[in-house]
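As given, the protein sequences belong to chains A and B, one line each in that order. Heads up: take any position in the first sequence, counting from 1, add 815, and you land on our numbering. Heads up: take any position in the second sequence, counting from 1, add 815, and you land on our numbering.
2 protein chains.
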Amino acid sequence: MPDLTKHLQIGAIVFPEIDQADLTGPFEVLSCLPNTTFHVLWKEMVPVRDFRGLILTPSGTFAAAPPLDLLIVPGGRGQEALMDDETVLAFIRTQSAIASYVFSICTGALLCGAAGILRGVRCTTHWSAHHLLRHFGAIPVDQRVAVDGKHISAAGVTAGLDGALRAAALLRNDRTARQIQLSLEYEPDPPFKGGSPHTADPEVLEAARAWYRPINEARLATARRVAQRLGIQINEGG
Amino acid sequence: MPDLTKHLQIGAIVFPEIDQADLTGPFEVLSCLPNTTFHVLWKEMVPVRDFRGLILTPSGTFAAAPPLDLLIVPGGRGQEALMDDETVLAFIRTQSAIASYVFSICTGALLCGAAGILRGVRCTTHWSAHHLLRHFGAIPVDQRVAVDGKHISAAGVTAGLDGALRAAALLRNDRTARQIQLSLEYEPDPPFKGGSPHTADPEVLEAARAWYRPINEARLATARRVAQRLGIQINEGG
C-alpha cells in the first residue's frame, strides 16, 4: 500500500514541438493528487511552443529537479529531435532508475525507448508509431494503457487521461483516482466512433496514414539508428 | 454547408486560476482544423497560472483580437473573480454577437451567463454548478454537450473534448472531426465508472460535494447578484 503521508514529486518533460495534450491531460489528473508537487521540466527555464503553437513554460530545469516518484514523458512531433539528445536521454535514464513509475504518453514511448529503458517492457504508443517499439527492445501491446512493472504507457494523446487515472490509483489508491475522475467529469461520450484504427472508417484511416507517412519515415530511420546504438537486432520482416 | 476556403479565427479566453484543461482540451482538437488560426486571449500579454499552477501564455489581447468565428470560454476557479469584470464580459458579448458559435466548457458557462448571453439558451456546465444556470436565464439541460443555435456548452472539464469535436464538425464537417478524433486516438476507456454524479459511488460523490461546498456558496451568492443585475427573477424554491 502506498504511504499517503509521503509527499510525491511528479515531473513531466516539456520540449519544443511537444503535443501539449500529452502533458496537459496527465497534468489535469495528477496535479489533483493530494500531497504532491507537479514539476514541468526542461533543460532551461525558457517557454517552448507545442506543435500547434501553444506556449508552455517550465517550472524547473532537469538539473535542479528533485528525485521523482513519477516521471512523465510526453510525445509529439518534437520527440524526433530528441532521440539522440544525451541531456534528455540521460535525464530519463537517471530519473527512471529511482522513480516508482515512468509514464509515457503517445510517442513519448519512443523517447523512453531511445533512453534504453524499454528492453523487454510491454508497452504501447500512438497507433501510427506502434511498429517502431520493437526497435527499442520493447514488446508492443495493442492496449490503450499498458502497465508492466514500473512502466505505464498510454496510446495516442487522449489515452493520457486514462493512463493518468491508472497512475493516480497506483501512486495513491482507487478511491482518490475515482474522486479525481468525478471532479473532472470524465464520463466520455465521443460524438463519433472511430477513435482507433480498429474502429475508424477505412477512408478516414487511409487519409490519416497518408498524413503520418513523412514523419513515420523519419521516425523509422531514427529507430533503426537507435536500435544499432542499443545493440538491438531487428528482423524487419518479422 | 460551411465554406471550407474561409480562414477561421478561433479564440479562447485565458485567465488567472483557469482550469487549464478547459482550454487545452479544446485547443488540442480545434487547432488541428485546417485553414484556422487559434488565439489564446487575455487582457494583457502576460502569462497566467492555472488553478493548479500550470503557466499559460496569451498569444494576443482582447483589444487586438480579430472578429472570431468561434469564441471559447473556459472555466475553473478563477471564473468567479471575473463575474463582474466588465472588460471580460464586454469581450464575450461583443465577440459572441458576431461569432458563428460560442463554446463554453465547464464553469465557463457561468461567465457567458454573467455576460447576459444565455437567456433562453439550453445549456450545460460542470455538475457541481448546474443549479446556477437558471440565475442567468439559461435552461439547464442534463447533457454532456448541449448545442442550441450558436451556443455549444460542455459539462465539466473533460467534456470539452467531446464538445470540441462537435464544434469541429459544425465549423467544418463530420469527416474532418473524425480525422481529428483518430489522430488524437480518442476512443476513451476510463479505468473506473463514476465520472458523473449519476454513476458515481455515493461516498465518492458526497466527498466531492463537500469539497465543492465553499466555492459553490460563493458562486451562488454571485449568481444571485448577477441575476439581479440582469433583471432575472428566480424562484429559489423551484
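For glycine and all other residues, C-beta sits at the position ideal for the given N, C-alpha and C.
Return the chain-ordered list of same chain residues with a C-beta closer than 6 Å to the C-beta of residue i, the five sequence neighbours on each side being excluded.
i       : result
A/S919  : V888, C927, S968
A/Q824  : T852, P881, L883, D884
A/A966  : The residue you asked about is not Ala; residue 966 of chain A is His in the sequence shown. V917, V936, listed in sequence order.
A/I1030 : none
B/G931  : L1045
B/K821  : none
Can you give me the Cβ contacts of residue i inside the same chain, cut-off strictly under 8 Å, excluding the 5 residues immediately before and after it?
i      : result
B/D957 : T939, H945
B/L980 : V844, A992, I995, Q996, Y1001
B/G935 : G952, A953, I954
A/L869 : Q835
B/W857 : I828, V829, F830, V863, P873, T876, F877
A/T902 : K858, F877
B/D900 : none
A/L933 : A924, C927, L948, F951, G952, A953, H966
B/G964 : V936
Rounded to the nearest angstrom, how far is the Cβ of residue i from that of residue j, given a contact under 8 Å?
i       : j       : result
B/D865  : B/C921  : With 8 Å as the limit, B/D865 and B/C921 do not qualify as a contact, their Cβ atoms being about 12 Å apart.
A/V855  : A/A827  : 6 Å
A/H950  : A/R1039 : 7 Å
A/Y916  : A/A982  : 6 Å
A/A924  : A/V1041 : Not a contact, Cβ separation roughly 13 Å.
B/G771  : B/P831  : This structure cannot speak to residue 771 of chain B, because chain B is shown only from 816 to 1053.
A/R867  : B/S998  : Going by Cβ atoms, the distance from A/R867 to B/S998 rounds to 12 Å, so no, they are not a contact pair.
A/P1005 : B/P1006 : A/P1005 to B/P1006, Cβ: 17 Å. No contact.
Under the rule that 16 or more other beta-carbon atoms within 10 Å means buried, what is residue i, buried or exposed?
i       : result
B/A879  : exposed
B/L836  : Position check: residue 836 of chain B holds Ala in this sequence, whereas Leu was assumed. With 16 or more Cβ atoms within 10 Å of its Cβ, B/A836 is classed as buried.
B/V829  : buried
A/V861  : exposed
B/R1044 : exposed
B/L1033 : Strictly speaking, residue 1033 of chain B in this sequence is Ala, with Leu absent from that position. Looking at its Cβ environment, which holds fewer than 16 other Cβ atoms inside 10 Å, B/A1033 is exposed.
A/F819  : For the record, residue 819 of chain A in the displayed sequence is Leu; it is not Phe. Exposed, because fewer than 16 other Cβ atoms sit within 10 Å of the Cβ of A/L819.
B/A1023 : buried
A/A914  : buried
A/G1009 : buried
For residue i, which residues from the same chain have a beta carbon less than 7 Å from its beta carbon, with the 5 sequence-adjacent residues on both sides left out?
i       : result
A/T1037 : E895, M898
A/V962  : R981
B/F906  : F877
A/L904  : A929, A930
B/L1035 : L947
B/S1011 : W942
Just to check, is the beta-carbon of residue i closer than 6 Å to a non-hydrogen atom of the ligand ZN?
i      : result
B/L856 : Among the ligands in the structure shown, none appear at all, so the ligand ZN cannot be discussed.
Any contact of the region 938–946 of chain A with the region 908–915 of chain A, i.e. 3+ C-beta pairs under 8 Å? no
Three-pair Cβ contact test at 8 Å for the region 880–889 of chain A versus the region 878–890 of chain B: no
Taking three-plus beta-carbon pairs below 8 Å as touching, is the region 822–842 of chain B in contact with the region 963–976 of chain B? yes
Between the region 1043–1052 of chain A and the region 958–965 of chain A, are three or more C-beta pairs nearer than 8 Å? no
Check whether the region 844–855 of chain A and the region 978–992 of chain A are in contact - that is, three or more C-beta pairs closer than 8 Å. yes
Contact between the region 1013–1027 of chain A and the region 1006–1024 of chain B is defined here as three or more beta-carbon pairs at a separation below 8 Å; is this criterion met? no
Which residues, in chain order, does the region 1003–1034 of chain A contribute to contact with chain B at a C-beta distance below 9 Å? P1003, D1004, P1005, P1006, F1007, K1008, G1009, G1010, S1011, P1012, H1013, T1014, A1015, D1016, E1018, V1019, L1020, A1022, A1023, W1026, Y1027
Chain B contacts made by the region 853–877 of chain A, where a contact means CB separation under 8 Å: F853, V855, P862, R867, G868, L869, I870, L871, T872, S874
Check each residue of the region 929–960 of chain A: if its Cβ is closer than 7 Å to any Cβ of chain B, include it; give the result in chain order. H941, W942, R959
What residues in the region 899–928 of chain B have a beta carbon less than 7 Å from any beta carbon of chain A? none
Going along the chain, which residues of the region 965–999 of chain A sit with their C-beta nearer than 8 Å to a C-beta in chain B? A970, G971, V972, T973, A974, L976, D977, L980, R981, A984, D989, R990, A992, R993, Q994, Q996, L997, S998, L999
Which residues, in chain order, does the region 840–854 of chain B contribute to contact with chain A at a C-beta distance below 8 Å? G840, F842, E843, S846, C847, F853
Listed in chain order, which residues of the region 818–829 of chain A have Cβ atoms closer than 7 Å to some Cβ of chain B? none
For the region 880–895 of chain A, which residues have a beta carbon sitting closer than 8 Å to at least one beta carbon of chain B? none
Selection of the region 1036–1047 of chain A by Cβ proximity to chain B, strictly under 7 Å: none
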